[in-house]
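In the numbering used here, the protein residues as written are -7 to 190.
We put the CB at the ideal spot given by N, CA and C, even for glycine.
What follows is a short report on a single structure.
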Amino acid sequence: MWDERFDSDDYLYGTEPNDFLREQVGLIGEPPQRVLCLADGEGRNGVYLAGLGHRVLSVDASAVGLGKAARLAEREGVALETLHADLTQHTFDAEAFDAVVSIFCHVPEAGRPHLHRQVVRTLKPGGVLILEAYTPAQVPRDTGGPDTPDRTPTAAELEAAYADFEILASREIDRTVIEGRGHTGLGAVVQFIARKRR
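Here it is in structure tokens:
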């Protein structure tokens, strides 16, 4: 599905980084930090972080998307490592990353506990998770995001999954999301930031 969606000359969600990530990027720390970008698609957020001087691994289930991410990185003159993987099954190295960035990463409900455990595993002590996703309230809207609630997390789910972390922010809000032709208006989102305890 995602290979088909990304198989065009333009970038489905544009080439600019997500607004929430841009607002919170200082929490990652001074570059270069090792950053994992989950479901990074065509690379807009990973390339942004690499442009700041971070060492970024962008992971996605779409090889087509990652190919476009590599081309965007080359165009911007930055180094970007990519990995083609299924986030509901992939195992990441322990304590490998200073930050995990999860922007509109929507995997099926059955696969999310595994992904949450991997985030806990791969973050270094003191590392930060920065996440924005659509909530179930987004599903009936036509402004982007999954068409079934099965793929949308809630703040309560995230708070439970990362209960051992220091939760810095956890809120469900409506905000305007304009990102390429894929996100086109008012969205129901969860914004979540948590730091792994040292």
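In this structure, DSSP gives E158 an extended state, which the three-state scheme calls strand.
Excluding sequence positions up to five before and after D139, its CB lies within less than 8 Å of the CB of V131, all in the same chain and listed in chain order. In the structure shown, E171 falls within a strand segment according to DSSP collapsed to helix, strand and coil. Ranking R187, L58, G69 by CA distance to the CA of D32 puts L58 first. A61 is classed as buried because its beta carbon has at least 16 other beta carbons within 10 Å across all chains shown. Short of 6 Å from the beta carbon of D(-5), and not among the five residues preceding or following it, lie these beta carbons of its own chain, in chain order: S54, V56. Using a Cβ-Cβ distance cut-off of 8 Å, the stretch 117 to 126 and the stretch 92 to 104 are in contact, since at least three pairs of beta carbons, one from each stretch, lie closer than that value. Membership of R113 in the alpha helix (DSSP H) is indicated by the continuous run 104 to 114. Y3 sits in coil when the DSSP states are folded into three classes, being neither helix nor strand. In terms of Cβ geometry, H46 and Q25 form a close pair [threshold 7 Å]. The shortest C-alpha to C-alpha distance from F84 to any of G69, T114, D78 is the one to T114.
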